[in-house]
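Colleague:
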Amino acid sequence: HESTCFLMDLFSRYVIYSNKDMFGKPHNTSWHSWLGIFVMINYFIAAPLTYYWLNPDTGVQKTDKTMRWNHKWGSRAVTALAWFVCFLGWRTMQGDVVQQAVF
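In this note's numbering, the protein residues as written are 21 to 123.
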């Protein structure tokens, strides 16, 4: 899950970064961009740590229920934040209320 999210985020960052370069616009100037970077870093860190700690076959803390609970709810919180970041980007792109309702 975290690996897929990270790869999708990485691709979108590449597209956005190149478009900003093409149009000469500054990078990372909004809450949307900074929260997106935070989400990306969290997914990047979570993927290998989850595999190391919670892998059902070889995880060093695979039976630790507290660790599993923290991972489950922490990942849900970061995913909810990722959806909020998407909303912020959509809100920025759509200028008026009619466009927002149609889209």
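Every residue gets a Cβ at the ideal spot worked out from N, C-alpha and C, and that includes glycine.
What residues in its chain sit with their C-beta under 8 Å from that of P46, if we drop five residues either side in the sequence?
Modeller: K40
Colleague: If I'm right that A66 touches S95 with Cβ under 8 Å, what's the distance once you round it to whole angstroms?
Modeller: 7 Å
Colleague: Rounded to a whole number of angstroms, what is the C-alpha to C-alpha distance between S23 and W51?
Modeller: 24 Å
Colleague: Taking its Cβ as the centre, do 16 or more other Cβ atoms sit within 10 Å of V35, making it buried, or is it exposed?
Modeller: exposed
Colleague: Quick check on F26: buried or exposed, where buried means 16 or more other Cβ atoms within 10 Å of its Cβ?
Modeller: So F26 counts as buried.
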